[in-house]
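Trainee: Numbering-wise (numbering that gives the first Met the number 0), the sequence shown opens with residue 0 and increments by one. This is the structure I want to talk about, given as structure tokens.
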Amino acid sequence: MVEPQHMRTVMEQYAVAVSAGDVEAILSFYADDGSCQVPVGGPVQEGIGAIRAFYEGNELAETLVLTGPVRVAGNEAAAPMVARVCFDGVDYELDVVDVAVFDDDGLLTSLRAFFSLDCLRAV
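The following block contains the structure:
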């Protein structure tokens, strides 16, 4: 079982890596057979190659900031965040909850981002 503090730290570092646009750092959190679904309801990217293609092929949030403590239960963590994105020259904020599942080595086997673009707020 992974230590709860490790999961909290990974989620904090994930937000920093997304804000920096650092795809290599993001990928370092994932197991080779991990998956991501951003947003939930969208396609599931399975395996590190598909995850890499996803993060390299999509605009990442300009900033992704934790808005509260990372909640941990078992081998899962939920992180409330606010993403700042830009569409057509307008900056928006969006509330996001990322839910992650970790393997025994402390790597992400699944990351799912819960958000809906109809909740964008102009800033």
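Glycine included, each C-beta is placed from N, C-alpha and C at the ideal position. Only a predicted model underlies this, so the values are computations on that prediction, with no experimental measurement involved.
For a cutoff of 7 Å on Cβ pairs, would you count Val-84 as touching chain E?
Mentor: Given the protein chain composition of this structure (a single chain), no chain E is represented.
Trainee: Which residue spans inside the region 61-113 form an unbroken beta strand (DSSP E) run of at least 3?
Mentor: Restricting attention to beta strand (DSSP E) runs no shorter than 3 residues, the region 61-113 encloses them at 62-65, 70-72, 75-86, 89-101, 107-113, ordered along the chain.
Trainee: Is Glu-45 closer than 7 Å to Ser-34 when the C-beta atoms are compared?
Mentor: The count along the sequence shown starts at 1 and reaches residue 34 at position 35. The count along the sequence shown starts at 1 and reaches residue 45 at position 46. Result yes, Cβ atoms of Ser-34 and Glu-45 sit closer than 7 Å.
Trainee: Three-state secondary structure (DSSP) at Asp-133?
Mentor: The chain is shown from 0 up to 122; residue 133 falls before or after that span and cannot be answered.
Trainee: Is it right to say Val-39 is buried, meaning 16 or more other beta carbons lie within 10 angstroms of its own, or is it exposed?
Mentor: Along the sequence shown, read from residue 1 onward, the residue named residue 39 stands at position 40. The residue in question, Val-39, is exposed, as its Cβ has fewer than 16 Cβ neighbours within 10 Å.
Trainee: Looking at the structure shown, is Glu-45 part of a helix, part of a strand, or coil, going by DSSP?
Mentor: Residue mapping note: residue 45 aligns to position 46 of the sequence shown, counting from 1. Here Glu-45 sits in strand by DSSP.
Trainee: Cα-Cα, which of Ser-109, Arg-83, Gly-67 is closest to Leu-59?
Mentor: To locate residue 59, count along the sequence shown from 1; it is residue 60. Checking every option, the nearest Cα to that of Leu-59 belongs to Arg-83.
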